[in-house]
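A.B. asks: For the sequence shown, the positions run 88 to 274 when this note's numbering is used.
We put the CB at the ideal spot given by N, CA and C, even for glycine.
First the structure, then my questions, so here it is.
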Amino acid sequence: AQELGYEVVEIGADEERKQKNMTAFISAAKQSGLVKKKKVFIVDELDQLESAKAVTELVEQSEHPVVMITTELYDKKLYALRQKCKIIKFSHVRTDSITKFLQEICAKEGISLGAEQLEQIAKMSSGDIRAALIDMETLGAGKTDTKEIGYREQNQGMFDTLKIIFKTTSMENALIALNSSKDKEEL
88 AQELGYEVVE
98 IGADEERKQK
108 NMTAFISAAK
118 QSGLVKKKKV
128 FIVDELDQLE
138 SAKAVTELVE
148 QSEHPVVMIT
158 TELYDKKLYA
168 LRQKCKIIKF
178 SHVRTDSITK
188 FLQEICAKEG
198 ISLGAEQLEQ
208 IAKMSSGDIR
218 AALIDMETLG
228 AGKTDTKEIG
238 YREQNQGMFD
248 TLKIIFKTTS
258 MENALIALNS
268 SKDKEEL
């Protein structure tokens, strides 16, 4: 966004996203200013909001693009908001792509980790680049054994779970899929 000349205005999970703060955020989104600088508003961890009503208001009233990030797209409280948005889904990144990315970062940052360690970090991240970077930093800061990091726990979404349940011929596999779903109540 910055490369295209946009000012990035972000509200994330680490900030207090109470009604008064969201009101100020919405007010900023409505303002065009004298300079007419382009802005893009980013709402991170949308599913952690107390109410989606304020964000729906933001989307409806903003003169600027609003980018919302969530891992719980089909949460009930986001239903009305989903109807007003263009949804872009991102897949987990392949292990070989993460390994190559980590190698590039190590070269730029002067971190000396072996190819096997980087490949193991990539596998253990379960397709999450941010997790892989954190693990790489941990190992680069003195820890030498990838066993100290561990695998990232992955909960399956509702649609992944249903796909497994309908395609499996084993009741045991269906129960495992159901138990590993984060949307048990939705199913």
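One question on the structure: do residue 97 and residue 126 come within less than 8 Å of each other, judged by their Cβ atoms?
C.D. replies: Contact: no.
A.B. asks: Give the C-beta separation of residue 186 and residue 209 to the nearest angstrom, bearing in mind that I take them to be a contact with Cβ-Cβ under 8 Å.
C.D. replies: That pair is a contact at about 4 Å.
A.B. asks: Is the distance from the Cβ of residue 205 to the Cβ of residue 189 below 8 Å?
C.D. replies: In contact: residue 205 and residue 189 (Cβ atoms closer than 8 Å).
A.B. asks: By DSSP, does residue 175 sit in helix, in strand, or in coil?
C.D. replies: Residue 175: coil per DSSP, three-state reduction.
A.B. asks: Who does residue 164 pair with in a DSSP beta bridge?
C.D. replies: DSSP, once it has assigned bridges, lists no residue as partnering residue 164.
A.B. asks: Return the CA-CA distance between residue 152 and residue 128, expressed in angstroms with no decimal places.
C.D. replies: Each residue's Cα considered, the two are about 6 Å apart.
A.B. asks: Rounding to the nearest angstrom, what Cα-Cα distance links residue 245 and residue 252 in this structure?
C.D. replies: Residue 245 and residue 252: Cα-Cα distance of roughly 11 Å.
A.B. asks: Between residue 197 and the rest of its own chain, which residues show a CB-CB distance below 7 Å, the 5 nearest in sequence each way excluded?
C.D. replies: Nothing meets the Cβ criterion.
A.B. asks: What's the C-alpha gap between residue 163 and residue 261?
C.D. replies: Looking at the two C-alpha atoms, the distance is approximately 24 Å.
A.B. asks: Residue 134 to residue 169, Cα distance in whole Å?
C.D. replies: About 12 Å.
A.B. asks: Within the same chain, show all residues whose beta-carbon is closer than 7 Å to that of residue 142, passing over the 5 residues directly before and after it, in chain order.
C.D. replies: Excluding positions up to five away in sequence, the list reads 130, 133, 136, 155, 168.
A.B. asks: I need the DSSP call for residue 97, collapsed to helix, strand or coil.
C.D. replies: Of the three classes helix, strand and coil, the one that applies to residue 97 here is strand, per DSSP.
A.B. asks: Give the straight-line distance between the Cα atoms of residue 139 and residue 114, rounded to the nearest whole angstrom.
C.D. replies: Looking at the two C-alpha atoms, the distance is approximately 16 Å.
A.B. asks: Name the two residues that bound the continuous beta strand (DSSP E) containing residue 140.
C.D. replies: It is not in any beta strand (DSSP E) - residue 140 instead sits in the alpha helix (DSSP H) that spans 140 to 148.
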